[in-house]
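Worksheet: one structure, shown below.
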């Protein structure tokens, strides 16, 4: 029986938040692709490298997940605690294939970042 895509999305968020390399790698499709307002990543190694060297600390709050077929839309408030403090509303569209996270598209207002960090 295939794992529910919402559960896979929760596992991916937890792996990212805890910087659990083994868990995250197990969830990523070989052809993983991430696209956000300030960054694009191609391949699982790029995702792991980004996760392990992510320069921000924070947590997701008010998380809502909506799924249809192989896609999950995650709506949340990212509460950044370091190196600045800010709450940033975010929407992530996650697409799964063969039980693995294949594509992520992240949407947020880059104006919420301090000017020095948005570049």
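Numbering (this note's numbering), first residue to last: 1137 to 1255.
Just so it is clear, CB atoms sit at the ideal spot from N, CA and C, and this is done for glycine as well.
A quick note: this is a predicted structure, and the numbers were derived from the prediction, not measured.
- Message: Could you compute how far the alpha carbon of residue 1178 sits from the alpha carbon of residue 1168?
- Response: Taking the chain shown and counting its residues from 1, one reaches residue 1178 at position 42. Taking the chain shown and counting its residues from 1, one reaches residue 1168 at position 32. Going from the Cα of residue 1178 to the Cα of residue 1168 covers about 6 Å.
- Query: Which value, in whole angstroms, describes the spacing of the CA atoms of residue 1226 and residue 1180?
  - Reply: Within the chain shown, the letter at position 90 stands for residue 1226. Within the chain shown, the letter at position 44 stands for residue 1180. The alpha-carbon separation between residue 1226 and residue 1180 amounts to approximately 22 Å.
- Message: Here's the rule I'm using: 16 or more other beta-carbon atoms within 10 Å means buried, otherwise exposed. How should residue 1193 be labelled?
- Response: Taking the chain shown and counting its residues from 1, the one referred to as residue 1193 is at position 57. In the assembly as shown, residue 1193 is an exposed residue. Its beta-carbon has fewer than 16 other beta-carbons within 10 Å.
- Message: Closest to residue 1148 by C-alpha separation, out of 1218, 1191, 1200, 1163, would be which residue?
- Response: One-based indexing of the chain shown puts residue 1148 at position 12. Relative to residue 1148, the option among 1218, 1191, 1200, 1163 whose CA is nearest is 1163.
- Which residues mark the beginning and the end of the beta strand (DSSP E) in which residue 1193 is found? Position 57 of the chain shown holds residue 1193. Residue 1193 -> beta strand (DSSP E) spans 1193-1204.
- So which of 1239, 1195, 1187 has the shortest CA-CA distance to residue 1207? Here residue 1207 is taken as the residue at index 71 of the chain shown, counted from 1. With distances taken between Cα atoms, residue 1207 lies closest to 1239.
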